[in-house]
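Just so you know, the sequences run in chain order A and B. Just so you know, the numbering used here puts 374 at position 374 of the first sequence, and the rest follows in order with no gaps. Numbering-wise, the numbering used here comes out as the position in the second sequence, counting from 1, plus 1000. What follows is one structure encoded as structure tokens, with my remarks underneath.
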Amino acid sequence: MTAPEATTLSFRCDAETLADRLSLAFHAAPPKNPVAAMSGVLLRRNASGDMELVATDGELTIRTSVPAEMDGEGEIVLHRIFGDVVRALPSGAVSVTVDAGGEATVTSGRAKFRLRCYARSDYPEVPDVPDTMVEIETGELAQAIDQTVVAASTDRGRPVLMGVLLTSEGGSTRLVATDSYRLAIRELPAEGFLGGRDAALLSAQALKELSRLIGTSGGEATVEVGVTDTRVAFRVGGTVVIASLIEGEFPSYGQLIPDSYAHRLEFDKAALLDALRRVGLLARDSTPVRLDLSADRLVLRAIDPELGGEASEEIDATYSGEEFTIAFNPAYLRDGIEVCDGDRVCIEVVEPLKPAMLSAPGSSSFRYLLMPVRV
Amino acid sequence: MIGEESILHVDMDAFFASVEIRDNPELRGKPVIVAGLGNRGVVTAASYEARRYGVHSAMPTLRARRLCPDGIFLSPHGPRYHEESEAIRLIFEAFTPLVESVSLDEAFLDVRGVGRLFGDAVTVGRAIRGRIARDRRLPASVGIGTSKLIAKLASRAAKPDGLVFVPAGTETDFLWPRPVSALWGVGKATLELLDRLGIRTVGDLAGVPLPSLERVLGGVHGRHLHALAHAHDPSPVTTDRAPKSIGHEQTFPVDLSDPETIHTELLRLSDRVSRRLRRSGCSARTITLKCRLATFRTLTRSTTMQEPVDATPEIHAAVVESLAKLRLGHPAIRLLGVSASGLRVGSPIRQLSFESRPHWQAVMRATDRVRDRWGEDAVRPARLLPGGEAATADHLEVRRSGIAGFSRGPVEI
């Protein structure tokens, strides 16, 4: 921590609210960032006179606010331990004063902490909220996000696959994500997300935060969205999520979807997830789970060659095709089944080494295409 | 898992006695008894000549002396038997990685999947008996079947110095005429109990309905014997000593500095490692590069793969990447090593991807077949051919060998 610029800032607010907002903001800032200051939090006064908290990893930024009595001006950056400190304080008011020497004093009741601030110049500029924000109904947005982000890649070497492609056509919006092993597609009967654009590749991480915000906002009926050439911003209540748009060509996924399927199997979602949890115990280290399909039953099977062990469980299923075995990575299979809507799930297969499609019976709004494992 | 005739039980005949006879040929043809010679000693091995007098292992030595007064009594040479057992195990491991030692003189082997290299189980059984006879000059009996139970009883039936194969589907024909005492878990008490009920053969036992057997013997024991009597023995051959790693390294007569040459040598080492991996039926999660510089500084760098691998190009790619990460600049390399660890039994399981990737498994299978038959040089990466450095590792060349059906010149795969 180098010598900070002269800043004097003090504020007083409710400790519990501040702790809550800090942990929300920290979603955007992982604890280990090569730039130490960026794992911390920036505090400043916003236009409406409240205190704004900002956290970022350089790509994703969360800006949220807390009602506070504020004095002075400027922006200060505190170590993330500030979050632990505030969370540990007794309920009631907390006061923070930053002196010209760059030292923050946190007091609450009879507890007192002194923390050194990072130099403001060690922290990036806070991205602005786009000038034009459009209000849209949340509707099934959070669900649509949850259904697609599971299929997005977490491999930093494949940035394009870490995104969710949003395309808008004829009054509806389509969300698509793939990590090259599975593909999730959700049609959302709503438009306006893209501010007149046809398509945008949004960070799955940012969408996860948006979904979480919608979930914890206590049922906000609307969110605001703004898209520019380089970034997208969502505002829910007093919190803004800003992310860079991902550049690059999203795979042309249309050709991956089989034209038709040879067999179709329908089963109870909860029964399959329970069986998968048990059988999956013998599918360690991404060894596959085999699905043996035969007349009106489905047998899940895992073989662990190291243990010399085997697990199997049968569940009822509606199936009328010939006997058929297909194997999947258990985690990918579970992800797909969990995000299907409703109590029953249907799986359609072509042949053991071709992709299989998961969906809710009778609904075409969500599809999850999964590549099998060669055993 | 069950149903394949892939389980071998190899049992050395009168092991300790046979070792003594081999090392002292004058004993051949005589009743040799290896035993504790004290007052409370017991017989640990008896040659077949001694067995004719009624001597068998675990019998008190004093009683053996009474039965066979002319016997040659020797005290055991433990370390020598251990050494011998170790040497025999190496013979087994040349055929399959799945070896389960039961004791110094017997082991179960699972030869599933080695057919391509060595032939079916009977061929492997014969080859193992041949190797033990030739290299160790010792007799061994081999039983082959679909389960450990059947293999074990078959080796007993094969003794001495024989081989018995029980084809799939004939297990009960083989099993039922045998006395119930042949089954695991039938001790003295159980034997007496069954005898009182008139159950003498395994066939008799198989005819008893399970509920009755459970009433007589208790649930667990009853179910166990019922299963065995019907030739159900699902216990797998579990290897007690899986290899921890497979590696090759080479010191070069002249230090290497040309990047192309380094890549080529890495490919040569990767190819050897991958071939041994596949031979031992394993795939590896971790690939390690070892690099000793002219200064004798030794650097290593490991890559953990997302999925286990066993193909030459995958291993080569991993070590080339590791080499780049070492950032050696203009190195003078004295030694290179490639090793595979984090081994698991079985060829790699592949999560298929929407993106098409080379199907190395099929290529490796095909080239293994060619090499098993025509030698290691019959087919190899083009880069490893003389003057082949211009080629990429993705090209394989079938050597002009005049073998009908192979194309001449480089084949792109």
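Think of the CB as a built atom: it goes at the ideal place given N, C-alpha and C, for glycine as much as any other residue. The structure presented is a predicted model; accordingly, all values stated were derived computationally and were not measured.
Does A:G157 pass the burial test, meaning 16 or more other C-beta atoms within 10 Å, or should it be called exposed? Exposed.
Where DSSP assigns a beta bridge to B:M1012, which residues make up the other side? DSSP output for B:M1012 lists B:A1140 as bridge partner(s).
Could you give the DSSP three-state label for B:G1342: helix, strand or coil? Strand at B:G1342.
Which residues in the same chain as B:Q1351 place their Cβ atom closer than 6 angstroms to its Cβ, once the five residues preceding and following it in sequence are excluded? Scanning its chain for C-beta atoms nearer than 6 angstroms, with the 5 sequence neighbours on each side dropped, one finds no residue around B:Q1351.
Among A:V86, A:A151, A:G139, A:D146, whose alpha-carbon lies nearest the alpha-carbon of A:S172? Ranked by Cα distance from A:S172, the first of A:V86, A:A151, A:G139, A:D146 is A:G139.
Does the beta carbon of A:S180 come closer than 8 angstroms to any beta carbon on chain B? At least one chain B Cβ lies under 8 angstroms of A:S180.
Contacting residues, own chain, Cβ-Cβ under 6 angstroms from B:L1299 (five flanking each side not counted): Closer than 6 angstroms at the Cβ level, and outside the excluded window around B:L1299, lie C1291, L1326.
May I ask you to verify whether the segment 1185-1194 of chain B touches the segment 1103-1114 of chain B, counting CB pairs closer than 8 angstroms and requiring at least 3? Segments in contact, no.
Can you list, in chain order, the stretches of the beta strand (DSSP E) that have 3 or more residues and sit fully within the segment 1138-1179 of chain B? Segments of the beta strand (DSSP E) lying fully in the segment 1138-1179 of chain B: 1140-1145, 1163-1165.
To the nearest angstrom, how far is it from the Cα of B:P1179 to the Cα of B:L1008? Note on geometry: alpha-carbon atoms of B:P1179 and B:L1008 lie some 22 angstroms from one another.
Cβ of B:A1151 versus every heavy atom of the ligand COA: is any distance shorter than 7 angstroms? This structure lacks the ligand COA, and indeed carries no ligand of any kind.
From B:I1072 to B:D1023, what does the alpha carbon distance come to, in whole angstroms? Approximately 14 angstroms, taken between the alpha carbons.
Beta-carbon proximity list for A:T309, same chain, < 8 angstroms, skipping 5 on both sides: For the sequence presented, residue 309 of chain A should be read as Gly rather than Thr. Closer than 8 angstroms at the Cβ level, and outside the excluded window around A:G309, lie L282, I303.
How about A:M162: is its C-beta nearer than 8 angstroms to some C-beta of chain B? For A:M162, the answer is no, since every Cβ of chain B falls outside 8 angstroms of its Cβ.
Return the chain-ordered ranges of every alpha helix (DSSP H) run that is complete within the segment 1070-1106 of chain B and spans a minimum of 4 residues. Complete alpha helix (DSSP H) runs here, min 4: 1078-1093.
Within 10 Å of its beta-carbon, does A:S90 have 16 or more other beta-carbons around it, so buried, or fewer, so exposed? Note that residue 90 of chain A corresponds to Pro in the displayed sequence, not to Ser. Exposed, by the Cβ-count rule.
Below-8 angstroms beta-carbon distance, A:P258 vs any chain B residue: For A:P258, the closest Cβ of chain B is not nearer than 8 angstroms.
Contacts that B:R1065 makes with chain A (C-beta to C-beta distance below 7 angstroms): By Cβ distance, chain A contributes nothing, its closest Cβ being about 45 angstroms from B:R1065, past 7 angstroms.
Looking at A:R231 and A:S244, is the spacing between their C-beta atoms short of 8 angstroms? It is a contact, given that the beta carbons lie within the stated cut-off.
Across the segment 115-133 of chain A and the segment 196-208 of chain A, are there enough close Cβ pairs to call them in contact, namely three or more that are closer than 8 angstroms? The segment 115-133 of chain A and the segment 196-208 of chain A do not touch, with fewer than 3 CB-CB distances between them shorter than 8 angstroms.
A:Y123 in three-state terms, based on DSSP: In the structure shown, the three-state DSSP call for A:Y123 is coil.
Which residue wins for smallest C-alpha separation from A:T318, given the options A:A327, A:V299, A:V86? For the residues A:A327, A:V299, A:V86, the minimum Cα distance to A:T318 belongs to A:V299.
Against chain A: residues of the segment 1349-1376 of chain B by CB proximity under 7 angstroms: Of all residues in the segment 1349-1376 of chain B, I1349, R1350, Q1351, L1352, S1353, F1354, E1355 have a Cβ within less than 7 angstroms of some Cβ in chain A.
Is B:T1238 close to chain A, meaning its C-beta is less than 8 angstroms from at least one C-beta of that chain? Chain A, which has a Cβ nearer than 8 angstroms to the Cβ of B:T1238, makes this yes.
CB-CB under 6 angstroms to A:T2, same chain, minus the five flanking residues each way: which ones, in chain order? At A:T2, the pLDDT of 45 sits below 50, so the modelled position is not reliable; the number obtained from the coordinates is stated separately. A119, listed in sequence order.
Taking Cβ-Cβ distances shorter than 7 angstroms, what residues in chain B pair up with A:G308? Under the 7 angstroms cutoff, chain B gives P1236, T1238.
Determine the direct distance from the alpha carbon of B:E1260 to that of B:D1394, and round the result to whole angstroms. Below a pLDDT of 50, predicted positions are generally treated as unreliable, and B:D1394, at 45, falls in that range; the measurement from the model is reported next regardless. Rounded to the nearest angstrom, the two C-alpha atoms are 15 angstroms apart.
Taking DSSP's pairing of strands, which residues face B:G1337 in a bridge? The secondary-structure analysis by DSSP pairs B:G1337 across a beta bridge with B:E1249, B:K1290.
To the nearest angstrom, how far is the alpha carbon of B:A1311 from that of B:S1274? Answer to the nearest angstrom: the Cα atoms are 6 angstroms apart.
Output needed in chain order: residues of the segment 343-366 of chain A with a Cβ under 8 angstroms from some Cβ in chain B. Of all residues in the segment 343-366 of chain A, L353, P355 have a Cβ within less than 8 angstroms of some Cβ in chain B.
Compute the distance between the beta-carbons of A:V176 and A:Y253, then report whether it is under 8 angstroms. It is a contact, given that the beta carbons lie within the stated cut-off.
For A:S359, does the three-state DSSP call read helix, strand or coil? The answer is strand: DSSP assigns A:S359 an E or B state.
Sub-8 angstroms separation of B:V1319 and B:L1266 beta-carbons: Contact: yes.
Under the three-state reduction of DSSP, which class applies to A:S172: helix, strand or coil? When secondary structure is reduced to three states using DSSP, A:S172 falls in the strand class.
Within 8 angstroms, strictly: CB atoms of A:T239 and A:E137: Against a cut-off of 8 angstroms, the Cβ pair of A:E137 and A:T239 comes out as no contact.
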